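Here the sequence shown is numbered in the working numbering, starting from 15 and rising by one per residue. A short worksheet on the structure shown next.
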Amino acid sequence: MDYPSYPNAPGGGPPLLPRRPLQGPAVVAIVLGSVAAVAGLGLLALFIAFAYVYGENHAGMRFPSDDVTVASCVRDEVTGRPAAGIRITSGAARSGTYTVRVAFRDAGSGKGRGADAGEGGVTVADLAAGGTVSRQVAGPVPVRGAPVCELGDVTFESTREAGSGAASDR
């Protein structure tokens with residue numbers, strides 16, 4: 015199909031886009047949209063950079079609770095109190111003191127998870143790096159049914175400064 019010649023149309027056909035000058039609101043909308051897009055991309059880039067750096071900084075991070083396990087959980091036949099056997103295997107780079115809290119519950123009473131039977135704790139002072147120790151933690155309240163022993167708060171405090179000691183710390 016042949017188009018008649020139009021003025022101001024070099025190809026001989028109708029213009030593909032009408033030639034209207036942009037009005038004030040259209041210019042404002044384009045500028046604001048561009049600014050919002052650039053700001054959004056900048057925030058996305060900052061979030062990605064933060065996630066990358068956070069992951070790199072925490073890649074080899076260990077928690078003291080990773081070194082502690084509840085090896086046994088029994089009811090003492092004489093007192094009726096729960097007793098937890100805990101085992102600490104130090105994964106720290108230097109010697110330190112572990113403070114371990116154990117939460118006890120009575121599975122034979124209460125609804126769902128059992129009734130709260132208190133907390134107990136133990137402190138193991140100056141455990142060598144790579145050392146292993148076992149301790150007993152007794153609950154404060156007698157239980158009627160089977161006890162449930164859950165590891166609570168575990169803290170580690172180094173007993174030697176980082177710069178002192180073997181060359182492997184450096």
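Where a beta carbon is used, it is the ideal one built from N, C-alpha and C, also for glycine. Quick caveat: nothing in here was measured; it's all calculated off a predicted structure.
Nearest-angstrom Cα separation, counted from residue j out to residue i
{"i": "Asp-140", "j": "Glu-164", "result": "24 angstroms"}
{"i": "Tyr-112", "j": "Val-138", "result": "5 angstroms"}
{"i": "Gly-69", "j": "Gly-56", "result": "20 angstroms"}
{"i": "Gly-135", "j": "Ala-50", "result": "55 angstroms"}
{"i": "Ala-180", "j": "Glu-91", "result": "Annotation note: pLDDT 49 at Ala-180 (below 50); position unreliable, coordinate value reported separately. Between Ala-180 and Glu-91, the C-alpha separation is close to 47 angstroms."}
{"i": "Arg-184", "j": "Ile-100", "result": "With a pLDDT of 35 at Arg-184, under the threshold of 50, the modelled position of that residue is not reliable, and no figure is offered here."}
Identified DSSP bridge partners for residue i
{"i": "Leu-141", "result": "Gly-110"}
{"i": "Arg-119", "result": "Asp-130, Val-162"}
{"i": "Val-136", "result": "Val-114"}
Endpoints, beta strand (DSSP E) assigned at residue i
{"i": "Leu-165", "result": "161-172"}
{"i": "Gly-1", "result": "Residue 1 cannot be examined here, being either before or after the span of the chain that is shown, 15 to 184."}
{"i": "Ser-148", "result": "146-152"}
{"i": "Ser-86", "result": "82-89"}
Cβ-based neighbour list, residue i, same chain, cut-off 7 angstroms, excluding 5 preceding and 5 following
{"i": "Gly-110", "result": "Leu-141, Phe-170, Glu-171, Ser-172, Thr-173"}
{"i": "Pro-78", "result": "Tyr-112, Val-168, Thr-169, Phe-170"}
{"i": "Ser-182", "result": "Reliability of the predicted coordinates at Ser-182 is poor, the pLDDT of 44 falling under 50, and no value is obtained from them."}
{"i": "Asp-120", "result": "Gly-128, Ala-129, Ala-131, Val-157, Arg-158, Gly-159, Pro-161"}
{"i": "Gly-166", "result": "Arg-115, Val-116, Ala-117, Glu-133"}
Residue range of the unbroken alpha helix (DSSP H) whose run includes residue i
{"i": "Ser-48", "result": "38-71"}
Candidates the options: closest to residue i by CA position
{"i": "Ser-86", "options": "Leu-36, Asp-80, Pro-96", "result": "Pro-96"}
{"i": "Val-147", "options": "Val-84, Ala-53, Leu-46, Ala-63", "result": "Val-84"}
{"i": "Val-116", "options": "Arg-149, Val-67, Ala-59", "result": "Arg-149"}
Sequence-distant residues of the same chain with beta carbon closer than 8 angstroms to residue i, five excluded per side
{"i": "Asp-81", "result": "Ile-102, Thr-103, Ser-104, Gly-105, Ala-106, Tyr-112, Val-168, Phe-170"}
{"i": "Leu-58", "result": "none"}
Residue i: CB within 7 angstroms of a non-hydrogen atom of the ligand FAD
{"i": "Ala-97", "result": "For the structure depicted, the ligand FAD is absent and the ligand set is empty, with no information on it obtainable."}
Close Cβ partners of residue i (< 6 angstroms) along its chain, the five nearest in sequence each way excluded
{"i": "Ala-98", "result": "Val-84, Cys-87, Val-116, Val-151, Cys-163"}
{"i": "Val-155", "result": "Ala-131, Gly-132"}
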